[in-house]
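Residue numbers (the numbering used here): -14 to 314.
The beta-carbon is built from N, C-alpha and C at its ideal position, and this holds for glycine as well.
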Amino acid sequence: MTETYDITIIGGGPAGMFAAFYAGMNKAKTQVVESLAELGGQVNALYPEKTILDVAGFPAVTGRDLIANQQKQLDQFPLTIRTGQAVTNVTANADGFTVTTPQGTSQTKTIIVAVGNGAFSPRKLNVANADELTGKHLFYSVRDLERFRDKNVMVAGGGDAAIDQALMLEQVAKSVTLLHRRDQFRGLAHMVDLLEQSSVKVQTPYLIRELAETATGLDVTLKQVGEQGTIVHEDIDDLVVSYGFTADHRALAAWDVDLAEDHRLIAVDSTMATNVAGIYAIGDGVMYPGKQPLIATGYGEAPVAVRSIMTQFFPNLHGPVRSTSLSSK
Ligand SMILES: Cc1cc2nc3c(=O)[nH]c(=O)nc-3n(C[C@H](O)[C@H](O)[C@H](O)COP(=O)(O)OP(=O)(O)OC[C@H]3O[C@@H](n4cnc5c(N)ncnc54)[C@H](O)[C@@H]3O)c2cc1C
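Written out as structure tokens, the structure reads:
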């Protein structure tokens, strides 16, 4: 890889994809480097079937459709997209930065880090045979809703994601039970309202103690939380565990450039600049006062980072002044 890019975007989630679009609008020579096989970040990897309600201009859109539309936006520009390549190092040099992946190195003048929570993975269910049941009757996300059609499904967890999964499954499943170890759910009030209006059966306060495979699914041993500790058994077809995610920031910690942190996330100022000149950061992986880890927030941060870079590093490279100039063509 001998080309020099104006902007390298590390991480192809919704924030990184929108930054790439905006860089294209500004005619910057841009590459996106994404460790997963596909672009789309958490939205595509974890909840493609979920109906997202809080993206401006879309009263309701599935994760899959949102990312497909972002891809169409990207296709307008001659960007370089490298998927299946995790950035393992970033080193500063006289011309900018060298970006290293297991596949090779590339040179870039500036960088936008859009790595979300780093390499994330679902928090696993702590029972002995969890690994052997995973993908068979135990799941950590709903990637294919049809898989659960006419099934008796249990969802375990108490946050927004668990409620989301339960409501999504309700559309196709024969029955859905939402299991939580507390009586109160941590989800947004609106989500809890939707849950109460749904046919989802709520079972609290219970913890999963054991799983045994049956001819058709699972025998789940549950223990009531509290003094009584009553044990009950539930026969289900499938179990979806939604205990949140653990984030692995080790990749960034191993980079030669030393990005300042705030609450274990990348600290940025109001222009999305990090402490290293030429490196900006956006999306779930950054922290500043008032930060909200949402798709819409990342969409707002992307143009700020790109415009900051263009103004400071490429003042003579002018892209379209307004986004409407594209649609008038
Ligand atoms: C179940 C669930 C439901 C959600 N529902 C909503 C919702 O309804 N509305 C909403 O606004 N938000 C929702 N969110 C949050 C939303 O998904 C995130 O805010 C959003 O995905 C953040 O986008 P991002 O681009 O910053 O990061 P991510 O989506 O995390 O993407 C980061 C990308 O960077 C890549 N990456 C990481 N490290 C490297 C590396 N070293 N090299 C190369 N690539 C790397 C990762 O593979 C990933 O693809 C939900 C999240 C979950 C888990």
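Do residue i and residue j have their C-beta atoms within less than 8 Å of each other?
{"i": "S227", "j": "A115", "result": "no"}
{"i": "T68", "j": "G1", "result": "no"}
{"i": "T272", "j": "A258", "result": "In the sequence on display, residue 272 carries Met and not Thr. No, these two residues do not count as a Cβ contact at 8 Å."}
{"i": "A236", "j": "G89", "result": "no"}
{"i": "V187", "j": "L163", "result": "yes"}
{"i": "E219", "j": "V210", "result": "no"}
{"i": "I66", "j": "G48", "result": "no"}
{"i": "T15", "j": "I294", "result": "no"}
{"i": "I221", "j": "L110", "result": "no"}
{"i": "K35", "j": "M153", "result": "yes"}
{"i": "V291", "j": "A41", "result": "no"}
{"i": "A266", "j": "N74", "result": "no"}
{"i": "V157", "j": "F124", "result": "no"}
From the options, pick the residue whose C-alpha is nearest to that of residue i; which is it?
{"i": "D(-9)", "options": "G211, A239, E219, L64", "result": "L64"}
{"i": "A262", "options": "V157, D80, E155, L110", "result": "D80"}
{"i": "Q213", "options": "Y191, L173, E195, P300", "result": "Y191"}
{"i": "G321", "options": "V217, A4, P(-1), Y7", "result": "Residue 321 lies beyond the range of the chain shown here (-14 to 314); nothing can be said about it."}
{"i": "G283", "options": "I96, Q70, A13, G101", "result": "G101"}
{"i": "A99", "options": "F299, P278, D269, Q277", "result": "D269"}
{"i": "T(-11)", "options": "S91, F3, R128", "result": "S91"}
{"i": "I(-6)", "options": "K12, E19, N11, M10", "result": "E19"}
{"i": "V185", "options": "P288, A141, T15, D129", "result": "A141"}
{"i": "Y32", "options": "A290, F298, I280", "result": "I280"}
{"i": "Q27", "options": "P278, G285, V157", "result": "P278"}
{"i": "L244", "options": "Q58, T76, A287", "result": "T76"}
{"i": "L173", "options": "D149, G285, T86", "result": "D149"}
{"i": "P87", "options": "D247, I97, A71, V17", "result": "A71"}
{"i": "Q169", "options": "E155, T189, L154, M153", "result": "T189"}
{"i": "F3", "options": "Q55, A266, Q182, T83", "result": "Q55"}
{"i": "E198", "options": "V46, S183, L224", "result": "L224"}
{"i": "V46", "options": "L59, N29, D60", "result": "N29"}
{"i": "V161", "options": "E131, D135, T83", "result": "D135"}
{"i": "K276", "options": "V84, L130, L250, A22", "result": "L250"}
{"i": "L59", "options": "V17, N260, D254", "result": "V17"}
{"i": "E23", "options": "F43, A53, D39", "result": "A53"}
{"i": "F298", "options": "L130, T93, E131", "result": "T93"}
{"i": "N260", "options": "I97, D178, T85", "result": "I97"}
Is it buried or exposed for residue i, if we count other Cβ within 10 angstroms and need 16 for buried?
{"i": "N301", "result": "exposed"}
{"i": "S310", "result": "Residue placement at S310 is flagged as unreliable, the pLDDT there being 46, under the threshold of 50; a coordinate-derived value is accordingly withheld."}
{"i": "T(-13)", "result": "exposed"}
{"i": "H165", "result": "buried"}
{"i": "P274", "result": "exposed"}
{"i": "T216", "result": "Here residue 216 is Ile; the residue named in the question, Thr, does not match the sequence. Under this definition I216 is an exposed residue."}
{"i": "G122", "result": "The amino acid at residue 122 is misidentified as Gly; the sequence shows His. H122 is buried by the Cβ-count criterion."}
{"i": "L51", "result": "buried"}
{"i": "G120", "result": "exposed"}
{"i": "T296", "result": "exposed"}
{"i": "N11", "result": "buried"}
{"i": "S312", "result": "Residue confidence is low: S312 scores 42 on pLDDT, short of 50, so the model does not pin down where it sits. Its coordinate-derived value is still stated next. The residue in question, S312, is exposed, as its Cβ has fewer than 16 Cβ neighbours within 10 Å."}
{"i": "G202", "result": "buried"}
{"i": "E117", "result": "exposed"}
{"i": "D247", "result": "exposed"}
{"i": "E286", "result": "buried"}
{"i": "A5", "result": "buried"}
{"i": "S126", "result": "buried"}
{"i": "K159", "result": "exposed"}
{"i": "A13", "result": "buried"}
To the nearest whole angstrom, what separates the beta carbons of residue i and residue j, a pair I think is in contact under 8 Å?
{"i": "L180", "j": "A200", "result": "L180 to A200, Cβ: 31 Å. No contact."}
{"i": "V112", "j": "E195", "result": "6 Å"}
{"i": "V242", "j": "I264", "result": "6 Å"}
{"i": "G143", "j": "R171", "result": "5 Å"}
Quick check on residue i - is its C-beta less than 8 Å from some C-beta in chain C?
{"i": "M10", "result": "Structure shown: chain C not included; a single protein chain is present."}
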